[in-house]
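Residue numbers (our numbering), protein chains in the order written: chain A, -19 to 301; chain B, 266 to 486.
Structure (structure tokens):
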């Protein structure tokens, strides 16, 4: 039997005992850590929270969606045919090639459609939405632009948007739509109205409602929790907890040139990580790289007793017949 | 006409490749004499606790830990087991690198270890996305751009809780278990890696010794 290990002098060992003791030891450690340090659990940000704490932020989001100016409306694949968030290195763009796989038209998906579902509760909504959908696109854009222009001077009182007198043309049905939207958000049912297109089955796919708040609303909340990119937020949990710290190498790249100034940062970072990981995985076959351990020499420390025995003239190899 | 008995062939192959005394050894070569050899088994121990706490969380459902103190405790156990798991796995990885443990035909053990590391990262990531709280919301909306940029966001949709949860509680743990099995099988098949030859020749040139250590990049015949 040509078993490498049996060429060496053997010392007693108990694999099962070692595994059992290790499991017990780690078990005690994690139970103590869990009991002492617990885990953070900050509730997800909801539209209800946004409308109660910063209603104008939700209104801005809604208006950007209605006028097709929001980050998701102009995003591109996999949500729509926009180009704003499509990353490419030259003509290499897997994102563009992947096509629209999760169709999202924020004006309809995140604003009009959820309000349409409310017409059973408030029939007046139907008339308001009809005015909107029957208008031309340029008319819709003008209405929204007129509201956006005076929005810095607007207030929200009693759940209603209060605008200055219409000095800049008509607002059309936009104020009425906005007020209904605020009411729907206040009810806490907005997300369910967005995601629950398939009827009453449990909503396990929250993509569309999560995309509604993914911009300014989430960022504002994340900033309060110290979780933005510049705080290395993606690898850390809310509060002072270690998060996915093993991703430090991935998140580090976002902080350094050329990645931090590239419009295709994600694509560049992911490709870099794939290439570097591939190299590390194939180290055994790469001359030079595979010699690093010998040059570093930590192995001399790990096997110091073995080498000491060799130098002393001992024989760690088994004498074979 | 006689034909090969597949069952007997498999049994013979297993007995030949990893005889029981290699699979469950009660002795080790004398050079296995350092704390670095514990990192692998400690990683495995942490994995056991991840599975135990994870199974308890699965039994009661993904929103249990938000409403129950006991649920929160098991979520914390799960979280700290994951931290321990990665802590020991990274130490294990560094130790194996510094020992050039891929020598002697052990390159597949090294590659399987790396695949385990990558799958574990994916498992941890889908776990973060399965928390149903602001962490998962933020990680999802931030991470989606990276997935979309490489063209997989439509299929691997970080904002689809059902998909992430299913991958996290079933498929990824199964793949990790399978790869752990393969990794340990390879470790036992080849045995513990031999010490590197010393620069001054000790361990390489020897008197009547029978087993010169294997330099990096060389395989056993």
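Backbone N, C-alpha and C define an ideal beta-carbon position, used for all residues, glycine too.
Classification of residue i by the beta-carbon crowding that lies within 10 angstroms, buried from 16 upward
i: residue 301 (chain A); result: Any reading at residue 301 (chain A) must be qualified, since the residue scores a pLDDT of 37, below 50, and its modelled position is unreliable; the value itself is stated next. Exposed: under 16 other Cβ atoms inside 10 Å.
i: residue 331 (chain A); result: Absent from the structure is residue 331 (chain A), since the part of chain A shown begins at -19 and ends at 301.
i: residue 292 (chain A); result: exposed
i: residue 204 (chain A); result: exposed
i: residue 278 (chain B); result: exposed
i: residue -12 (chain A); result: buried
i: residue 429 (chain B); result: buried
i: residue 470 (chain B); result: Confidence at residue 470 (chain B) is low in this model, with a pLDDT of 43, below 50, so its placement is unreliable and the value that follows should be read with caution. With fewer than 16 other Cβ atoms within 10 Å, it is exposed.
i: residue 288 (chain A); result: exposed
i: residue 334 (chain B); result: exposed
i: residue 390 (chain B); result: buried
i: residue 202 (chain A); result: buried
i: residue 103 (chain A); result: exposed
i: residue 304 (chain B); result: buried
i: residue 230 (chain A); result: buried
i: residue 345 (chain B); result: buried
i: residue 182 (chain A); result: exposed
i: residue 31 (chain A); result: buried
i: residue 77 (chain A); result: exposed
i: residue 207 (chain A); result: buried
i: residue 361 (chain B); result: buried
i: residue 276 (chain B); result: exposed
i: residue 475 (chain B); result: With a pLDDT of 46 at residue 475 (chain B), under the threshold of 50, the predicted position of this residue should be treated as unreliable, though the coordinate-derived value follows. Exposed.
i: residue 0 (chain A); result: exposed
i: residue 418 (chain B); result: buried
i: residue 281 (chain B); result: exposed
i: residue -9 (chain A); result: exposed
i: residue 300 (chain B); result: exposed
C-beta atoms of residue i and residue j nearer than 8 Å
i: residue 397 (chain B); j: residue 290 (chain B); result: no
i: residue 50 (chain A); j: residue 258 (chain A); result: no
i: residue 124 (chain A); j: residue 46 (chain A); result: yes
i: residue 191 (chain A); j: residue 27 (chain A); result: no
i: residue 339 (chain B); j: residue 25 (chain A); result: no
i: residue 294 (chain B); j: residue 457 (chain B); result: yes
i: residue 273 (chain A); j: residue 286 (chain A); result: no
i: residue 342 (chain B); j: residue 11 (chain A); result: yes
i: residue 365 (chain B); j: residue 93 (chain A); result: no
i: residue 425 (chain B); j: residue 187 (chain A); result: yes
i: residue 153 (chain A); j: residue 111 (chain A); result: yes
i: residue 358 (chain B); j: residue 378 (chain B); result: yes
i: residue 410 (chain B); j: residue 167 (chain A); result: no
i: residue 319 (chain B); j: residue 329 (chain B); result: no
i: residue 438 (chain B); j: residue 316 (chain B); result: yes
i: residue 85 (chain A); j: residue 406 (chain B); result: no
i: residue 174 (chain A); j: residue 189 (chain A); result: yes
i: residue 388 (chain B); j: residue 6 (chain A); result: no
i: residue -16 (chain A); j: residue 459 (chain B); result: yes
i: residue 42 (chain A); j: residue 8 (chain A); result: no
Residues bridged to residue i [DSSP beta-bridge criterion]
i: residue 142 (chain A); result: A:135
i: residue 207 (chain A); result: According to DSSP, residue 207 (chain A) bridges with nothing at all.
i: residue 292 (chain B); result: A:-8
i: residue 297 (chain A); result: A:-12
i: residue 338 (chain A); result: With chain A represented from -19 up to 301, any question about residue 338 (chain A) goes unanswered, as that position is not in the structure.
Check: residue i C-beta below 7 Å from any heavy atom of the ligand ZN
i: residue 64 (chain A); result: In the structure shown, the ligand ZN is absent, as is every other ligand, since no ligand is present at all.
If contact is defined by three or more beta carbon pairs under 8 Å, each pair taking one atom from either stretch, is the segment 243 to 255 of chain A in contact with the segment 341 to 359 of chain B?
no
Chain B contacts from the segment 15 to 44 of chain A (Cβ-Cβ distance under 8 Å)
15, 17, 18, 19, 20, 21, 22, 23, 24 and 25
Are three or more beta carbon pairs between the segment 263 to 274 of chain A and the segment 359 to 377 of chain B nearer than 8 Å?
yes
Looking at chain A, which residues of the segment 266 to 298 of chain B have a Cβ within less than 7 Å of any of its Cβ atoms?
287, 289, 290, 291, 292, 293, 294, 295, 296 and 298
How do the segment 62 to 74 of chain A and the segment 411 to 422 of chain B stand: do at least 3 beta-carbon pairs fall below 8 Å, yes or no?
yes
Is it true that the segment 32 to 42 of chain A meets the segment 226 to 235 of chain A, where meeting means three or more beta-carbon pairs spaced less than 8 Å apart?
no
When the Cβ atoms of the segment 121 to 141 of chain A are set against those of the segment 54 to 68 of chain A, are three or more pairs found closer than 8 Å?
no
May I ask you to list, following chain order, the residues of the segment 156 to 189 of chain A that have a beta carbon less than 7 Å from some beta carbon of chain B?
184, 185, 186 and 187
Three or more C-beta pairs closer than 8 Å, one from the segment 376 to 386 of chain B and one from the segment 438 to 450 of chain B: is that the case here?
yes
Name, going along the chain, the residues of the segment 236 to 250 of chain A whose beta-carbon falls closer than 8 Å to a beta-carbon of chain B.
244, 246, 247, 249 and 250
Three or more C-beta pairs under 8 Å: does that hold for the segment 156 to 166 of chain A against the segment -12 to -3 of chain A?
no
Would you list, in chain order, the members of the segment 72 to 84 of chain A that have their beta-carbon closer than 9 Å to a beta-carbon of chain B?
73, 74, 75, 76, 77, 78, 79, 80, 81 and 82
Contact set between the segment 297 to 313 of chain B and chain A, restricted to residues whose Cβ is under 8 Å from the partner:
297, 298, 299, 301, 303, 306, 307, 309, 310, 311 and 313
Output, in sequence order along the chain, the residues in the segment 343 to 375 of chain B whose CB is closer than 7 Å to any CB in chain A.
344, 345, 346, 348, 349, 351, 355, 362, 363, 364, 365, 367, 369, 372 and 375
Using a Cβ-Cβ cutoff of 8 Å, what residues of the segment 381 to 397 of chain B are near chain A? List them in chain order.
383, 386, 389, 390, 393, 396 and 397
Scan the segment 431 to 461 of chain B for residues whose Cβ lies nearer than 8 Å to a Cβ of chain A and list them as they occur along the chain.
455, 456, 457, 459, 460 and 461
Under 9 Å, CB to CB, which of the residues in the segment 396 to 415 of chain B have a partner in chain A?
396, 397, 398, 399, 400, 401, 402, 403, 404, 405, 406, 407, 408, 409, 410, 411, 412, 413, 414 and 415
Using Cβ-Cβ distances below 7 Å, what residues of the segment 277 to 301 of chain A are close to chain B?
278, 279, 282, 283, 285, 286, 287, 290, 291, 295, 296, 297 and 300
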